[in-house]
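Data first, discussion second: the structure below is written as structure tokens.
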Amino acid sequence: MSVVFESRFSFTSERRKGERRRQSRASASTAIVPREERQTVGAAAVENPRIRCMDVNVYYGSKQAIKNVSLDIGSHEIVAMIGPSGCGKSTFLRCLNRMNDTIDNCRVTGDIFLDGQNINEQSIDVVPLRAKVGMVFQKPNPFPKSIYENIAFGPRIHGLAQDKTDLDEIVATSLQSAGLWNEVKDQLDQPGTSLSGGQQQRLCIARAIAVNPEVILMDEPCSALDPIATAVIENLMIELCAEYSIVIVTHSMQQAARVSHRTAYFHLGDLIEVGATEHVFMRPMHQLTEDYITGRFG
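Using the numbering used here, the letters of the sequence shown map in sequence onto residues 1286 to 1583.
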């Protein structure tokens, strides 16, 4: 997954201004869709998905924020969701573990299947759901507890450890998986808030890992971090997708290009295009996608 950003964004002058190429694309099966026709193009479905979303709509009161979105998340893949501010990508991300339930006047319709079970059914217990589909937020939010207790809290309340030895092993393994163990192993009793911003975000990732999730959601996890800490988190995401499915919301198209297998472009609540990241950035099928990634708007 190591991808040189420049190679993905080296748009040629022919591509920028070639009217003949635009005309040939318009006549092909992968034609640019007129911007008024907000229909998803690209590979929204995958074989044997970890998560399958079908006709998902989200309303805040009378305002519709997500409009009939259907999207699959495959096993062991990273899906990046991009789009201008207010396009609905974070709202859609929160649908995947029902975090929108915590927002007053928010209503979600449609079906979201996790391993074949519809998580939008009212009978679903959201506590184990949010263990299976973990969340890492934009700003690091460690608990006001020690580093050890930040990791141990989840496994303890979910009954994943039989004794202190089991708990110690889970804490160590989770911190190792998050690339943090060697930096904190001698200060596990120190407050999680005493760590640097990048370390705090990795602590939050370790906290999510500790309860054996299947999917990890990341809502702009690097927006508050410096470039060095961002690179560490990105490398970590690439390593973690060997065990988990990862969905990341990002405003950084460079980041999406570096880490993701597929990219989904949202615009005004619509899923406009989704496909292999290289194809979305180098050969977008929708005019709105091309306008956004080339900086014409957004």
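All C-beta atoms in this analysis are idealised placements derived from N, C-alpha and C, irrespective of residue type, glycine included.
All figures in this text were calculated on a predicted structure; none of them were measured in a lab.
In this structure, does DSSP put residue i in helix, strand or coil?
i       : result
Gln1266 : Nothing about residue 1266 can be reported from this structure: the residues present for the chain run from 1286 to 1583 only.
Leu1399 : strand
Lys1470 : coil
Cys1391 : strand
Thr1315 : With a pLDDT of only 34 at Thr1315, under the threshold of 50, the placement of this residue in the model should not be trusted, and no figure is reported.
Lys1430 : coil
Arg1568 : coil
Asn1385 : helix
Arg1415 : helix
Cys1338 : strand
Glu1558 : strand
Ser1309 : Only weak support exists for where Ser1309 lies, its pLDDT of 36 falling under 50; the value from the coordinates is given anyway. Three-state DSSP puts Ser1309 in a helix.
Ile1523 : helix
Ser1530 : strand
Phe1377 : helix
Asp1357 : strand
Asp1504 : strand
Gln1407 : coil
Thr1535 : coil
Arg1441 : helix
Tyr1577 : helix
Val1331 : coil
Ala1516 : helix
Gln1349 : strand
Sort the options by Cα distance to residue i and report the nearest one.
i       : options                               : result
Ala1457 : Phe1428, Ala1437 and Ile1367          : Ala1437
Thr1376 : Arg1441, Leu1452 and Asn1342          : Asn1342
Cys1372 : Glu1434, Ala1514, Ile1358 and Ile1351 : Ile1351
Ala1493 : Thr1535, Ala1509, Pro1413 and Asp1400 : Pro1413
Glu1332 : Gly1359, Leu1521 and Asn1435          : Gly1359
Ser1347 : Val1393, Leu1556, Arg1487 and Val1469 : Val1393
Glu1558 : Asp1340, Met1366 and Gln1349          : Met1366
For residue i, does the count of other Cβ atoms within 10 angstroms reach 16, so buried, or fall short, so exposed?
i       : result
Pro1569 : buried
Pro1512 : exposed
Arg1581 : exposed
Pro1269 : Outside the displayed span of the chain (1286 to 1583) sits residue 1269, for which this structure offers no information.
Gln1472 : exposed
Ala1481 : Residue identity differs from the one stated: residue 1481 is Ser in this sequence, not Ala. Result: exposed.
Ala1330 : exposed
Glu1575 : buried
Ile1533 : buried
My understanding is that residue i touches residue j, with C-beta atoms under 8 Å, so please give their C-beta distance in whole angstroms.
i       : j       : result
Asp1410 : Asn1403 : The pair is not a contact, with the Cβ atoms about 13 Å apart (cut-off 8 Å).
Pro1498 : Ala1416 : 6 Å
Ile1531 : Ile1501 : 5 Å
Val1496 : Glu1519 : Wrong, their Cβ atoms sit about 23 Å apart, outside the cutoff.
His1361 : Cys1507 : So it is not a contact: roughly 21 Å between Cβ atoms.
Ser1408 : Pro1476 : Contact flag wrong, Cβ pair sits at about 39 Å.
Thr1548 : Thr1562 : 4 Å
Arg1337 : Asp1357 : 5 Å
Cys1489 : Pro1427 : 6 Å
key: Ordered list of alpha helix (DSSP H) runs contained in the stretch 1473-1501, each at least 4 residues   = If we require 4 residues or more, the alpha helix (DSSP H) runs fully inside the stretch 1473-1501 come out as 1482-1494.
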